[in-house]
Amino acid sequence: MSKKRKMLIVIVSLLVLIQFIRPEKNTGIADTEKDITHSVTVSPEVKNILEKSCYDCHSNHTEYPWYANIQPVASWLANHVNEGKDELNFSEFDTFKLKRKIKKMKKVADEVKKDGMPLNSYLIIHKDAVLSEDQKNKLIKWAEESMLTLQDTLK
Ligand code: HEC
28 MSKKRKMLIV IVSLLVLIQF IRPEKNTGIA DTEKDITHSV TVSPEVKNIL EKSCYDCHSN
88 HTEYPWYANI QPVASWLANH VNEGKDELNF SEFDTFKLKR KIKKMKKVAD EVKKDGMPLN
148 SYLIIHKDAV LSEDQKNKLI KWAEESMLTL QDTLK
């Protein structure tokens, strides 16, 4: 057998083998009695933007595309979801301490301002999650207003 053919067999076998790795899926319920709507006012419009562009990585429910079942995409996605949820989970926002809520709302405004979120790698395949200028402005305004409202309750 040629060296090339051996390499090919190794690569294909590995690809087949990793398909058996099945990361746990994030398929809970996003809207709970402790989600963000219990901490700050979220208009239906803002909620819609958050659900479309942020909830896949920042809530207890991810809408998985078909290719999410294929490795190594599945693991790559699972990592992003875990990391995103660790930093900020809108489904559990109401359980955060007041200071953390304020900090996170500021970060939301900052991230959207500098086009840091949603992650670029995600937008390549999720065109519907790309934020328009209008959506960006609405999110930033919402996050800043929410931050101020929360700050007022500190005093
Ligand atoms: C594809 C997954 C994904 C999507 C979609 C996504 N994020 Fe993130 N987000 C992450 C990951 C991963 C991190 C942590 C690592 C980092 O900061 O890059 C993060 C971090 C953040 C942080 C920083 C939290 C902190 O305290 O440092 C904020 C704020 C944030 N995201 C807001 C958003 C908003 C708002 C949206 C929607 C407009 C969004 N994200 C969409 C994956 C995502």
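The sequence shown begins at 28 in the working numbering and counts up by one.
Positions of the beta carbon are idealized from the N, C-alpha and C atoms, including for glycine.
Considering only the alpha carbon of each residue, which of the options lies closest to residue i?
i    : options                   : result
I63  : A170, D179, K182 and L181 : A170
Y94  : I129, A105 and H88        : A105
E160 : I76, L42, L41 and F47     : I76
K134 : S173, D58 and K79         : S173
K118 : L41, T59 and I36          : A quick correction: the sequence has Ser, not Lys, at residue 118. Taking only the C-alpha atoms, the option nearest S118 is T59.
K168 : K30, L42, E72 and V43     : E72
H85  : V67, H65, N116 and K74    : N116
P99  : Q162, L44, Q178 and K31   : L44
Could you pull the start and end residues of the alpha helix (DSSP H) that residue i belongs to?
i    : result
I129 : L125 to K140
M174 : E160 to D179
W103 : V100 to E114
C84  : Y82 to H85
V37  : K30 to I45
L150 : N147 to I152
Taking just the CA atoms, how far does residue j sit from residue i?
i    : j    : result
E114 : N87  : 13 Å
S102 : K182 : 44 Å
I38  : A156 : 34 Å
M28  : R49  : 33 Å
K61  : L166 : 21 Å
L35  : I97  : 19 Å
A136 : V69  : 15 Å
E90  : T176 : 31 Å
N164 : E138 : 12 Å
I129 : N147 : 25 Å
S40  : S80  : 36 Å
Q46  : P92  : 16 Å
M132 : L42  : 41 Å
(Q) Below 8 Å, how does it come out for the stretch 119 to 126 and the stretch 149 to 161: are there three or more Cβ pairs, yes or no? (A) no
(Q) Three Cβ pairs or more, each shorter than 8 Å: is that satisfied between the stretch 39 to 54 and the stretch 103 to 117? (A) Contact between the stretch 39 to 54 and the stretch 103 to 117 is established, with three or more Cβ pairs separated by less than 8 Å.
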